[in-house]
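Numbering (the numbering used here), first residue to last: 97 to 281.
Right, here's the structure in full:
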């Protein structure tokens, strides 16, 4: 969902930020993207990266009929690889946004996955961006249809809201490792 957000618009004052999102990607795909990005950029350029935005989970969750705990290994590999290749960068991991419950297990999986992400972020000194509730209806019962194109992908209004969140986290000098609702929405 974050693939539509232009990285050059996220970092103010020359701050170098990369966003390694890809439509249809699973966690292992994003790990490969990180490795490929590092291989195709000069070491000096890679060392200048200040922040890395990771958005993962949606495509893994849709097919996880029996829970999400098995994804811990893939998430750990992603975080370890990113930290190894970009040791000076702050890693920002966005929560999985609400997904319309096409199957009975999806709502629980999204919540379990976000809890897993939050736990791994705290253990690995990454920033966990928790903007989940801002993409729900006011009664917190389902996805806010005004922000979604098809209950899975954000429309332009949803992308705008997500961009606002990411700009805040990327450009704010905060020591919080879990960012919850700083916009007051």
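Cβ coordinates follow ideal geometry from the N, Cα and C atoms, glycine included.
Return the first residue and the last residue of the beta strand (DSSP E) that residue i is part of.
| i | result |
| --- | --- |
| residue 113 | 113-115 |
| residue 223 | 223-226 |
| residue 147 | 147-151 |
| residue 190 | 186-190 |
Hey, out of the options, whose CA is closest to residue i's CA?
| i | options | result |
| --- | --- | --- |
| residue 217 | 175, 154 and 162 | 175 |
| residue 245 | 163, 219 and 195 | 195 |
| residue 132 | 177, 166 and 153 | 177 |
| residue 192 | 207, 183, 179 and 185 | 207 |
| residue 57 | 126, 172, 261 and 268 | Past the boundaries of the shown model lies residue 57; the chain is included only from 97 to 281, so the question cannot be answered. |
| residue 209 | 160, 223 and 186 | 160 |
| residue 211 | 186, 165 and 255 | 165 |
Output needed for residue i: all residues of its chain with C-beta closer than 6 Å, excluding positions within five of it in sequence on either side, in chain order.
| i | result |
| --- | --- |
| residue 112 | 144, 145 and 146 |
| residue 163 | none |
Along the alpha helix (DSSP H) that carries residue i, what are the first and last residues, could you check?
| i | result |
| --- | --- |
| residue 122 | Taken as a continuous stretch (DSSP letters only), residue 122 belongs to no alpha helix (DSSP H), as it is neither H nor E. |
| residue 266 | 252-267 |
| residue 210 | 202-220 |
| residue 240 | Premise fails: residue 240 is in no alpha helix (DSSP H) and is neither H nor E. |
| residue 177 | 168-181 |
| residue 154 | 154-157 |
Tell me which residues share the same chain as residue i and place their Cβ nearer than 7 Å to its Cβ, disregarding the 5 neighbours each side in the sequence.
| i | result |
| --- | --- |
| residue 169 | none |
| residue 250 | 97, 243, 244 and 258 |
Kindly list the residues whose CB is nearer than 8 Å to the CB of residue i, restricted to its own chain and excluding five residues on each side of it in sequence; keep chain order.
| i | result |
| --- | --- |
| residue 120 | 155 |
| residue 232 | 194, 238, 239 and 240 |
| residue 279 | Bear in mind that the predicted position of residue 279 carries a pLDDT of just 42, short of 50, making it unreliable; the figure below should be weighed with that in mind. Same-chain partners within the cutoff: 230, 260, 261 and 264. |
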